[in-house]
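These notes are about the structure you will find just below.
2 protein chains.
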Amino acid sequence: MSPTTVTTSGFLQVLATQIRAQDPYGVYRTWSDQRLLQPFILTKDEKRKIPVDTPVDPVTRGRITYFHSAIARQIEQKTGQLMQVVVNLNEEGFGWALIFSGKLLVVTRTLRDAQRFGFTSLELLQEDGEKAVRSGIALAEQFPEVTQA
Amino acid sequence: MSPTTVTTSGFLQVLATQIRAQDPYGVYRTWSDQRLLQPFILTKDEKRKIPVDTPVDPVTRGRITYFHSAIARQIEQKTGQLMQVVVNLNEEGFGWALIFSGKLLVVTRTLRDAQRFGFTSLELLQEDGEKAVRSGIALAEQFPEVTQA
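Respectively, the protein sequence lines represent chains G and R. Anchor point for the first sequence: position 96 equals 96 in my numbering, and the numbering is continuous, going up by one each time. My numbering runs 149 ahead of the 1-based position in the second sequence.
Rendered as structure tokens:
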């Protein structure tokens, strides 16, 4: 590990694990978590340059799914309830990211300009993920009977 | 209206209305509801002939969305709660149809072999739709606070 490598923890680590789980050829084995998460980081300028009049490309779509799967996995860990993830995007990059258990939606996020999905820093990526995890856990604890319905 | 036309009511009528709402050129204006709903009816043999190793074609995808939108509209009418519809299908015709309000999923249906979406008769189409409407209304009445969450 090089001395400049940021050691990831919490949400970022779970997110990296999600990505590593989809690496049948072991390409990412020698990569640091930070390198693995780099494509999630976009400056405002980089975002602006991505056109939003075309469908979301499969790699970006994959990143959106990894992000929400990481949220779901953390909510599962804390609540013991299995979570389903559905990411639904239309041709214009609008749609929904949903995480649910039984009949309870613990996360409902509308997506727009999903072609430009990204965060300006690793810290903001972590913050946004953990915010969704916290509110998801709170909902699962508030309505446990709905997760069983 | 020809004497052999079945007059639709309840769910089938709402479903026909969903389809007519997406008819900007008025092509369906002179069509009976029954003719409009005919593509929802497939014999077992017709289903078997539809390959399931290709993505769901847009017209079939549209029918799946109309069907669940009709369910959502009827639940809205009875409960006064706005419902969102998400139909999520992967390349292999597997996925979810979800209807929700606030944080409550009133309908969660897994779809498989969605390429073959259809019913063997109008009666079965109506029955299946109304069954989902009834259980959706029951859930919305059981957990009203979750639709507001």
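Ideal Cβ positions, reconstructed from N, Cα and C, are used throughout, including at glycine.
- Going by C-alpha positions, A165/R is about 21 Å away from R258/R.
- V235/R sits in a strand when the DSSP states are folded into three classes.
- Per the Cβ contact rule, the stretch 93-105 of chain G is not in contact with the stretch 42-51 of chain G (fewer than 3 Cβ pairs under 8 Å).
- Within 8 Å of the CB of N88/G, the CB atoms of chain R belong to V235, V236, N237, in sequence order along the chain.
- Taking a C-beta distance under 9 Å as the contact criterion, S218/R and V234/R qualify as a contact pair.
- Per DSSP, the continuous alpha helix (DSSP H) segment holding V282/R begins and ends at 271-291.
- Here the stretch 50-64 of chain G lies against the stretch 111-130 of chain G, with 3 or more beta-carbon pairs under 8 Å apart.
- Between W245/R and chain G, the shortest Cβ-Cβ separation is below 9 Å.
- Collapsing the DSSP output to three states places R258/R in a strand.
- For a Cβ distance threshold of 8 Å, residue set L288, Q291, F292 of chain R lies close to A149/G, ordered along the chain.
- In the DSSP assignment, F117/G falls outside any alpha helix (DSSP H), carrying neither H nor E.
- DSSP, read as helix, strand or coil, puts G95/G in strand.
- Secondary structure at L253/R: strand, using DSSP grouped into helix, strand and coil.
- Burial state of G175/R is exposed, judged by a 10 Å Cβ sphere holding fewer than 16 other Cβ atoms.
- Using a Cβ-Cβ cut-off of 9 Å, L124/G does not count as an interface residue toward chain R, since no Cβ of chain R sits closer than that to its own.
- Against chain G, the CB of F266/R has no partner CB under 9 Å away; the residue lies outside that interface.
- Going by C-alpha positions, R61/G is about 14 Å away from I50/G.
- Taking C-beta atoms as the reference points, L186/R and T214/R fail to come closer than 9 Å.
- Taking a Cβ-Cβ cut-off of 7 Å, the neighbours of F100/G in chain R comprise L254, given in sequence order.
- Taking 9 Å as the threshold, the shortest C-beta distance from V295/R to chain G falls below it.
- Sorting R222/R, N239/R, I168/R, E279/R by C-alpha distance to the C-alpha of R184/R places I168/R at the top.
- Taking C-beta atoms as the reference points, L260/R and G278/R fail to come closer than 9 Å.
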